[in-house]
Amino acid sequence: MTTPTTSAADELRRLMTERLAADGTLHDPAWRDAFASVPREVFVPEFTLRARGGKVRYTPADPSWIAAVYQDASLVTQANDAGTATSSSTAPTVMARMLEALDVEDGNRVLEVGTGTGYNAALLSHRLGGNRVTSVDVDPALVDAARDRLRIAGYAPTLAAGNGMAGYPDHAPYDRLVATCGVGRVPDAWRTQVRPHGVMVVAVGYGIARLAIGEDHSACGRFLPHLTAFMAARSTPDATTAAGRHVAGTLATAQGDRQAIVVPVGLDAEAPQFLASLVHPDVAQISLTNEEGKAVRCLYTPDMTSWARITMRDPREAELIHGGPRDLWAERAPYLRAWVTAGRPGIHRYGLTVTAEGGHTLWLDDPAGHAWPLM
Numbered sequence: 374m375t376t377p378t379t380s381a382a383d384e385l386r387r388l389m390t391e392r393l394a395a396d397g398t399l400h401d402p403a404w405r406d407a408f409a410s411v412p413r414e415v416f417v418p419e420f421t422l423r424a425r426g427g428k429v430r431y432t433p434a435d436p437s438w439i440a441a442v443y444q445d446a447s448l449v450t451q452a453n454d455a456g457t458a459t460s461s462s463t464a465p466t467v468m469a470r471m472l473e474a475l476d477v478e479d480g481n482r483v484l485e486v487g488t489g490t491g492y493n494a495a496l497l498s499h500r501l502g503g504n505r506v507t508s509v510d511v512d513p514a515l516v517d518a519a520r521d522r523l524r525i526a527g528y529a530p531t532l533a534a535g536n537g538m539a540g541y542p543d544h545a546p547y548d549r550l551v552a553t554c555g556v557g558r559v560p561d562a563w564r565t566q567v568r569p570h571g572v573m574v575v576a577v578g579y580g581i582a583r584l585a586i587g588e589d590h591s592a593c594g595r596f597l598p599h600l601t602a603f604m605a606a607r608s609t610p611d612a613t614t615a616a617g618r619h620v621a622g623t624l625a626t627a628q629g630d631r632q633a634i635v636v637p638v639g640l641d642a643e644a645p646q647f648l649a650s651l652v653h654p655d656v657a658q659i660s661l662t663n664e665e666g667k668a669v670r671c672l673y674t675p676d677m678t679s680w681a682r683i684t685m686r687d688p689r690e691a692e693l694i695h696g697g698p699r700d701l702w703a704e705r706a707p708y709l710r711a712w713v714t715a716g717r718p719g720i721h722r723y724g725l726t727v728t729a730e731g732g733h734t735l736w737l738d739d740p741a742g743h744a745w746p747l748m
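Going by our numbering, the sequence shown opens with residue 374, and the numbers climb by one from there.
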């Protein structure tokens, strides 16, 4: 039976798909059909959406719920007791970019790491058939909920609960792998579970890398053009990272070695953020404003043994106070200077090579050109 809500959803889904095609995100007619057919609302019955002035919680009882479902935004569907988001439905534009970059062919077998709500698994199942799709998530409760919603929507991919960093060897090898959780380095298991000449599309740092798999299970490819941040992959359902607000007070007043530095570029620009996420996958950062109204950037390792506080004095000069065995700013600054020297290239000009032994190298324009090993 057609209801006002389903009619509105059908129209909003059509408009979303047309927009994704018109702006050049969706090219493949098969993916356009998938986005036009799979009901996102089935997978996000309740969610939180960032809005001006804070966050808004939506449920089907809200008149504006269905319109919010089809916003081009990430919808937070689960958070822990501290309020940290632990699952979401990725913004449709980002999903579409990643799925297009997979370059799937009929008959391909795909592993998705990060089931989440199940919406992406539904899109893959619509395109390839549920029997060609395997999806794994660390959270058994999410997997159970996704399985129910996929069944309601008419799809039946293989779902499994487990550590996605280990992939899902039971169904390997795969032709394609897509990861919708963020990692600092590409796990060996992902590369070895994809066939030679297969493709992985994975969120590494604040970039999305499209990597082709070599005969020796090395991987090489470019980053997509857009800065994108995913929730970090978790090894267990209750694994979390320290929230910035719990360390802000300590970092704001910590005393250590002090020096004046030149900041070669605005730290909030896209490319510097991207580079920082690759150089320092294990380093968190928060932005503060001090009593003088100056912008302050704090960097810290998860165990807080190494930290840095950068207080801007003018657009390019700053005071650095840091402590611990690692000089975090000294580790990061050479990459920023190299970016400026190279003419401030866009993210899409960078690429990543992962050797068969697991070593990671960031390169600019060509794997044989300017390159920097990532520790």
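From the three backbone atoms N, C-alpha and C, an ideal C-beta is built for every residue, glycine too.
At a threshold of 6 Å, does residue i count as lining the ligand SAH (C-beta to nearest heavy atom)?
i: A539; result: Among the ligands in the structure shown, none appear at all, so the ligand SAH cannot be discussed.
Going straight from the alpha carbon of residue i to that of residue j, what length do you get?
i: G716; j: E414; result: 44 Å
i: V567; j: A545; result: 7 Å
i: A394; j: A469; result: 10 Å
i: D676; j: V620; result: 11 Å
i: A381; j: I439; result: 7 Å
i: T726; j: L735; result: 7 Å
i: L597; j: G719; result: 10 Å
i: T601; j: Q628; result: 33 Å
i: R686; j: L515; result: 46 Å
i: R425; j: P418; result: 22 Å
i: M471; j: D630; result: 43 Å
i: Y673; j: A474; result: 34 Å
i: D512; j: A534; result: 6 Å
i: E478; j: Y579; result: 27 Å
i: P465; j: R583; result: 18 Å
i: D383; j: H400; result: 21 Å
i: I586; j: A668; result: 43 Å
i: I659; j: T379; result: 42 Å
Assign residue i to one of three DSSP states: helix, strand, or coil.
i: H590; result: coil
i: Y579; result: coil
i: Y541; result: coil
i: T546; result: What sits at residue 546 in the sequence shown is Pro, not Thr. Three-state result, P546: coil.
i: S380; result: helix
i: D435; result: coil
i: Q646; result: helix
i: D630; result: strand
i: H721; result: helix
i: P412; result: coil
i: S498; result: helix
i: V477; result: coil
i: R425; result: coil
According to DSSP, which residues form a beta bridge with residue i?
i: L584; result: M573
i: Y673; result: A657 and W680
i: G555; result: A576 and A605
i: V509; result: V486 and A533
i: E690; result: V635
i: T734; result: T726 and P746
i: R595; result: G724
Flag this pair as yes or no: are the beta carbons of residue i and residue j separated by less than 7 Å?
i: W712; j: A681; result: no
i: E485; j: V551; result: yes
i: H590; j: T565; result: yes
i: Y492; j: F408; result: no
i: Y528; j: S498; result: yes
i: V500; j: A403; result: It should be pointed out that residue 500 corresponds to Arg in this sequence rather than to Val. Yes, the pair counts as a contact, with Cβ atoms nearer than the cut-off.
i: S437; j: L448; result: no
With residue i and residue j assumed to form a contact (beta carbons below 8 Å), what rounded beta-carbon distance in angstroms separates them?
i: L648; j: R670; result: With a Cβ gap of about 14 Å, L648 and R670 do not count as contacting.
i: V556; j: V577; result: 6 Å
i: E704; j: A633; result: Not a contact, Cβ separation roughly 18 Å.
i: D635; j: E588; result: As written in the sequence, residue 635 is Val, which differs from the Asp given in the question. Their Cβ separation, rounded to whole angstroms, is 45 Å, which puts V635 and E588 out of contact at 8 Å.
i: A592; j: C554; result: Between C554 and A592 the Cβ distance is about 17 Å, and since that is not below 8 Å, they are no contact.
i: L496; j: V442; result: With a Cβ gap of about 15 Å, L496 and V442 do not count as contacting.
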